[in-house]
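Enquirer:
Number of protein chains: 2
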Amino acid sequence: MQNYITQIAQQAKAAFYELANADSAAKNFALLRLAELIGEHESALLAANAQDIELAKQKNLSDAMIDRLKISSGSLKNMIDGLQQIAALPDPIGEMDEFRLRPNGLRIGKMRVPLGVIGMIYEARPNVTIDAAALCLKSGNACILRGGSEAFSSNMALAKLIKQALKEAKLPENAVCFVENTDRESVGAMLQAVDLIDVIIPRGGKNLVARVTEQARVPVIKHLDGICHIYVDESADSNKAINIVFNAKTSRCGTCNTVETLLIHQNRAAELLPNIAAKLAEKNVEMRGCERTREILPDIQAACEEDWATEYLALILSIKIVDDFGAAVSHINQYGSHHTDSIITENYTRANQFLRLVDSASVMVNASTRFADGFEYGLGAEIGISTDKIHVRGPVGLHGLTSQKWVVLGDGQIR
Amino acid sequence: MQNYITQIAQQAKAAFYELANADSAAKNFALLRLAELIGEHESALLAANAQDIELAKQKNLSDAMIDRLKISSGSLKNMIDGLQQIAALPDPIGEMDEFRLRPNGLRIGKMRVPLGVIGMIYEARPNVTIDAAALCLKSGNACILRGGSEAFSSNMALAKLIKQALKEAKLPENAVCFVENTDRESVGAMLQAVDLIDVIIPRGGKNLVARVTEQARVPVIKHLDGICHIYVDESADSNKAINIVFNAKTSRCGTCNTVETLLIHQNRAAELLPNIAAKLAEKNVEMRGCERTREILPDIQAACEEDWATEYLALILSIKIVDDFGAAVSHINQYGSHHTDSIITENYTRANQFLRLVDSASVMVNASTRFADGFEYGLGAEIGISTDKIHVRGPVGLHGLTSQKWVVLGDGQIR
C-alpha cells in the first residue's frame, strides 16, 4: 500500500513542478471547462451518485450520511458556481511584496508560492472533490484526493471530468490525483508519505480528524471542534444580544460556527435572560444553566462541567453568568476550542480588549458567530476551517494553501 | 515525566494569557534589563560556564562540542547586542490589516497574534537560551526552554537573570519556563504535549531534528539539511560567478547556507571551470565532478549519485555540467533540500524563471547563498531557519513566531 501511495505521490510531485510553469489563464480555463463539463454530464453524475446511494441504503448507513452523500441538480449547480467563482479570484501565486533594499545593495523580499502536494482525506461529501481540486489547482498545488468509500462512484465520475478539463487546458493530468483504494490503509500510507506529500488536510468527523492527527508524520492543517461563545457584556445593546444569540444558535445548529455557550455579565442577566430564553423557546432550544442562571430561569436543566467543553451541534445552549469581563475571557480561553467567539457590547474599550485577549481564530464584535465561513469572509471558497495555530487560522481559502519564499536580488554580492 | 512537563506547560500557558495584556514597553523593558543583568553578572556567568566546560572535558566531549558550549566575554557581548536589537524592533503583535467592508456592513480583517506556548529543544549552545527567550517574549509567546545537559549550569545561570528581568518588568515569570530535567524523556514528553505546547522548534544536529520530527505530535518548525546550489547560467558574468562560488563555498563552510553543488551550463564550462577550480584551490577545496566536468578538470575525483544529495558541511564541492537551464532547475528541485539556491546570470528572463521555478525557501540572483540568514535579511535576529513548507520558510524572525486571527467588526449583523 505504501508503494501504491508513493507512486501516486511521485506523479503528483512531478505534476506540481510542471504546474509551476503554468500561467493563470490555463488554470482558469481548466476551472471553467470543468464547470461546463459538469453541466454537460449531469445525468451521468446523477446516475453514478445513485449507485452510491443505493449501496449506502443496502449497508444501512444513517440518513445523515446519505444526505451528505447525495448529489442533486442543485448541488451540481453549486459546484459549477463555485468553480466559476474560483476562476474569477485573483491568482495568488507569484505575488511579490515586502521588498527592502539592504545596506549592501541586495533587494530582499517575498514571493507567494504553492505548498506543493496537498493530500485531502475526506468522507462522504462528493462536492469536496470539486472544491479541493479547484482550490488546489488555482493555488498552483498538486493534490491527492482520497474520498470515502461511500462516495466512490460519484468521485470517480467527477474525477473523469477533472482529468478531461486538465487535459483540454494542457495542464498535467496528475495535478489532481485520486486514490482509488478506499481501504483504511491508504489513509495510513498517505499520513506517512514524508517528503512526498507536503501537507494533509482532513475533512470529516472528529474520529477521522483525531486519527489523522494521531498518526500523521506529514504536517496537517486540521479542523477540530467548534465550541463557540457569545459574551453579552454589561454594555450590550439588548436587541443585538437577543437577535445574535438566537441567530447564532438556531440558524443552522449542526455547523461548527454555531454558538454553544452563552456567557452573560451578572448585571444584565436578570433583565436579558428571560427575553433570550423566550426567543430561544420559539425553536425549542434546550438550555442548561449555571446555578445563578437557574435562579433566573428555574425551569432549565443544570449545566455540568462537561457542558462547558461540549460541541453540541444540536439545539442545546449552555448558559453561564460571569462576574465581569475578565471572567468571560478566561472562560472562553479555557473551555473554548479557539474557533470563533463574539462579544456583544457598545463599549469601545471592552470591544478592543476582547479582540486582543480572546485567543481564537475568529474574534467578533456585535456579529453572529455563524459568519465564520470562507464565503462570508470574501475568500470566494474555503477548503476547510483551521483550528490549528500555525500556518493558517480560521477559514482556509487560496492564501491558506500557499506560503512565501524569500527572493534575493543581487549584483554580485558576497558575504 | 509527562506530569512534570504538563505542569510546566500549564504554567507557561497561563503566563501566555497574562502576556496578552502586556504592552510593548514592558516587553522591551525586560529585554533591555536582561541585557544589563548579563553585563553585571559576567563573572558569575563565566564561572557557571566553566563548570560545564570542566564536566564536558571529563566526559571527553568533542572539541567542536566544547567550542559550541563555551561562553566568552565576546559571546556575552553578542547576547547583549542581540537583546538590544530585538528590543528596538517594532512589536508585531496587534498589527491589523487587510480589512475589507463586506456587502452586509461587516468589516473583516486580520490581527497578528502570538502562537501561544513555544517549546524550544536545543543542544549545547547557551546563546540559544537568550535568543529564544528574547524572540518569544517580544512576539508575545510564552516559551519552554529545554537545553542540553552539557550546558546545564550555564543555562541555569542565564535562567536566573531572565526570571529577574521578567519580575522587574512586572511580567509573568513563567513567560520563560525552563525544563531542568535533561533526561531524554523530557524531550519525549514535550513532543506529546498536544494542546499545551503549540509548536516545537528543535535546534541542533540532524539526529535531534530527525528524532523530534519522528516522534512529535505537536506541530514542529524544523530545520533539516542545507544542500544549496549555485547554477552558473549560459549568460553569467564570469567574475560574479567565480567570486560568488568561492565565497559561498569557503567563507564559512560549516554553515547550512554554504553551497554544496555547483551546476554550470555546458557552454560556459570549458572557460569557467578551470578559473573556478584555481580559485577554490587557494583554500584547498576538494572538488568532485560529473564525467563531463572531469574531461575539463581531469585531476578531480568523480562525483557519485550520493554526492548530489549530500550536505558536506566541509570544504568539498560537487560539480555538474548541465545541458540547459531546465536541467539545472530539475536537478535542484530533485536533489536539493529546498533551502537556498542561487543563479548567476545576466539574462533577465532566466533570472525570473529561476525565482519562480526553484522550489526553495530562498531563491537568489547573482548573490552568495551565504546571505540566507535572519540578520542579513533584516529580521534583526532569527530563531532558526525553516526547511518546512507550511507556516514559515527560511530564516524565522519575529513574524515567524506569530500567526493571524480574523477580526469581524459588526453592528448587530445576523446570518
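Chains as they are written, first to last, in our numbering: chain A, 1 to 415; chain B, 416 to 830.
C-beta: ideal position from N, C-alpha, C; glycine also.
Grab me the residues of aspartate 131 of chain A's own chain with a C-beta within less than 7 angstroms of its C-beta, minus the 5 sequence neighbours each way, in chain order.
Expert: Gly82, Ala381 and Ile383
Enquirer: Just reading off the alpha helix (DSSP H) that asparagine 366 of chain A is part of, what are its end residues?
Expert: It is not in any alpha helix (DSSP H) - asparagine 366 of chain A instead sits in the beta strand (DSSP E) that spans 362–367.
Enquirer: Could you please give me the residues that DSSP links to aspartate 97 of chain A through a beta bridge?
Expert: Under DSSP, aspartate 97 of chain A forms a beta bridge with A:Lys110.
Enquirer: By how many angstroms is the C-alpha of asparagine 475 of chain B removed from the C-alpha of lysine 621 of chain B?
Expert: 21 angstroms
Enquirer: Report all residues from its chain with a CB closer than 6 angstroms to the CB of phenylalanine 178 of chain A; omit the five preceding and five following residues, and keep chain order.
Expert: Leu145 and Ala159
Enquirer: Figure out for me which residue from B:Glu565, B:Gly489, B:Leu449 and B:Leu504 has the closest Cα to the Cα of glutamate 469 of chain B.
Expert: B:Glu565
Enquirer: Near glutamine 85 of chain A, which residues of its chain fall below 7 angstroms by C-beta distance, leaving aside the five closest residues on each side in sequence?
Expert: Gly380 and Ala381
Enquirer: Going by C-alpha to C-alpha distance, which of B:Val602, B:Thr544 and B:Asp610 sits closest to lysine 578 of chain B?
Expert: B:Thr544
Enquirer: Count the other C-beta atoms from every protein chain shown that fall within 10 angstroms of the C-beta of methionine 96 of chain A, then say buried if there are 16 or more, exposed otherwise.
Expert: Here methionine 96 of chain A is exposed, its C-beta having fewer than 16 other C-beta atoms within 10 Å.
Enquirer: Please list, in chain order, the residues of the stretch 706–740 of chain B that have any C-beta partner in chain A closer than 9 angstroms.
Expert: none
Enquirer: Does any C-beta atom of chain B lie closer than 8 angstroms to the C-beta of aspartate 411 of chain A?
Expert: yes
Enquirer: I want to verify the contact list: residues of chain B whose CB lies under 8 angstroms from the CB of leucine 208 of chain A, in sequence order.
Expert: Correct list: empty, because the minimum Cβ distance to chain B is about 17 angstroms.
Enquirer: If you measure beta-carbon to beta-carbon, which residues of the stretch 782–796 of chain B are closer than 8 angstroms to chain A?
Expert: Ala782, Ser783, Arg785, Phe786, Ala787, Glu791, Tyr792 and Gly793
Enquirer: Terminal residues of the continuous beta strand (DSSP E) containing arginine 618 of chain B?
Expert: Per DSSP, arginine 618 of chain B belongs to the beta strand (DSSP E) from 614–618.
Enquirer: When you compare the stretch 237–254 of chain A with the stretch 197–212 of chain A, are there three or more beta-carbon pairs, one atom per stretch, that lie closer than 8 angstroms?
Expert: no
Enquirer: Below 8 angstroms between beta carbons is the criterion; list the residues of the stretch 560–590 of chain B that meet it against any residue of chain A, in chain order.
Expert: none
Enquirer: Could you tell me how far apart the beta carbons of leucine 422 of chain A and leucine 76 of chain A are, in whole angstroms, since I believe they sit closer than 8 angstroms?
Expert: What is shown of chain A runs 1 to 415, which leaves residue 422 of chain A out entirely.
Enquirer: Three or more C-beta pairs closer than 8 angstroms, one from the stretch 419–436 of chain B and one from the stretch 216–224 of chain A: is that the case here?
Expert: no
Enquirer: Out of B:Ala631, B:Ile679, B:Gln607 and B:Gln819, point me to the one whose CA is closest to alanine 651 of chain B's CA.
Expert: B:Ile679
Enquirer: Unbroken alpha helix (DSSP H) runs of length 4 or more, entirely within the stretch 581–632 of chain B: which are they?
Expert: 599–606 and 621–630
Enquirer: Could you pull the DSSP bridge partners for methionine 480 of chain B from this structure?
Expert: According to DSSP, methionine 480 of chain B bridges with nothing at all.
Enquirer: Mapping the DSSP letters down to three states, classify valine 322 of chain A as helix, strand or coil.
Expert: Reduced to three states, the DSSP call for valine 322 of chain A is strand.
Enquirer: Can you tell me whether serine 458 of chain B is helix, strand or coil according to DSSP?
Expert: helix
Enquirer: With 16 other CB atoms within 10 Å as the buried threshold, where does asparagine 556 of chain B fall?
Expert: buried
Enquirer: Under a three-way DSSP split, which group does cysteine 668 of chain B fall into?
Expert: coil
Enquirer: Helix, strand or coil: how does DSSP classify aspartate 307 of chain A here?
Expert: helix
Enquirer: I'd like to know whether the C-beta of histidine 638 of chain B is nearer than 8 angstroms to at least one C-beta of chain A.
Expert: no
Enquirer: Using only the alpha-carbon positions, how far apart do leucine 770 of chain B and valine 392 of chain A sit?
Expert: 25 angstroms
Enquirer: Return the chain-ordered list of same chain residues with a C-beta closer than 6 angstroms to the C-beta of threonine 784 of chain B, the five sequence neighbours on each side being excluded.
Expert: Cys643, Ala663, Asn672, Val674, Thr755 and Ser757
Enquirer: Please report whether the beta-carbon of alanine 441 of chain B lies at a distance below 8 angstroms from any beta-carbon of chain A.
Expert: Alanine 441 of chain B does not count as touching chain A.
Enquirer: Would you call the stretch 694–711 of chain B and the stretch 730–743 of chain B touching, i.e. three or more CB-CB distances under 8 angstroms?
Expert: Cβ pair count under 8 angstroms is three or more, so yes.
Enquirer: Taking 8 angstroms as the CB-CB limit, is leucine 106 of chain A close to chain B?
Expert: yes
Enquirer: Inspect the beta-carbon positions of leucine 586 of chain B and alanine 776 of chain B and report whether they are closer than 8 angstroms.
Expert: no
Enquirer: Just to make sure I have the definition right: I need the residues of chain B whose C-beta is within less than 8 angstroms of the C-beta of glycine 116 of chain A. Which are they?
Expert: By Cβ distance, chain B contributes Asp774 and Lys804.
Enquirer: Is the stretch 103–118 of chain A touching the stretch 397–413 of chain A in the sense that three or more CB pairs, one from each, lie closer than 8 angstroms?
Expert: yes
Enquirer: Is there a Cβ from chain A that is less than 8 angstroms from the Cβ of asparagine 436 of chain B?
Expert: yes
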